[in-house]
Amino acid sequence: MTAGSRFFVRRVAVLGAGVIGAQIAAHLVNAGVEAILFDLATPGSDPDAGVRKAVDALRKLDPSPLATAAVADAIVIANYDQHLAMLADCDLVIEAIAERLDWKRDLY
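Per the working numbering, the sequence shown runs over residues 1 to 108.
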């Protein structure tokens, strides 16, 4: 990158759909940045159920991290088992998984 050139962040992956990761995704979509929220696949018929639950919980927070409740619909829901290819098109990846050193080592 040269002096005067700019790097625009258009798409961000947030790894970890816990309280912090979901709220990071909320702030990204508030700013007009596409956010893909990743977490472990949930066993059962809907592998994205855990991430979906995290996004739904954002709508219930008071004060809300969302500019409007409808902004939550802009968060792209993903899981590591089915959607890793989506990382290739991201300008930035934010790690927000649980504070467990063994998990973080596995991730990196």
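Don't be surprised by glycine CBs; every beta carbon is placed ideally from N, CA and C.
Taking residue i as part of the beta strand (DSSP E), name the residues at either end of that continuous run.
| i | result |
| --- | --- |
| residue 37 | 34-39 |
| residue 77 | 76-79 |
DSSP on residue i, reduced to helix/strand/coil?
| i | result |
| --- | --- |
| residue 15 | strand |
| residue 28 | helix |
| residue 20 | helix |
| residue 98 | coil |
| residue 57 | helix |
| residue 9 | coil |
| residue 87 | helix |
| residue 92 | strand |
| residue 48 | coil |
| residue 66 | coil |
With a Cβ-Cβ cutoff of 8 Å, do residue i and residue j count as a contact?
| i | j | result |
| --- | --- | --- |
| residue 26 | residue 65 | yes |
| residue 93 | residue 40 | no |
Using a Cβ-Cβ cutoff of less than 6 Å, which residues in the same chain neighbour residue i once the five nearest sequence positions on both sides are dropped?
| i | result |
| --- | --- |
| residue 57 | none |
| residue 18 | none |
8 Å is my cut-off, CB to CB: does residue i come that close to chain B?
| i | result |
| --- | --- |
| residue 18 | No chain B appears in this structure, which consists of one protein chain only. |
Give me, in chain order, the residues of the same chain whose beta-carbon lies closer than 7 Å to that of residue i; leave out the 5 immediate sequence neighbours on both sides.
| i | result |
| --- | --- |
| residue 47 | 41, 79, 81, 82 |
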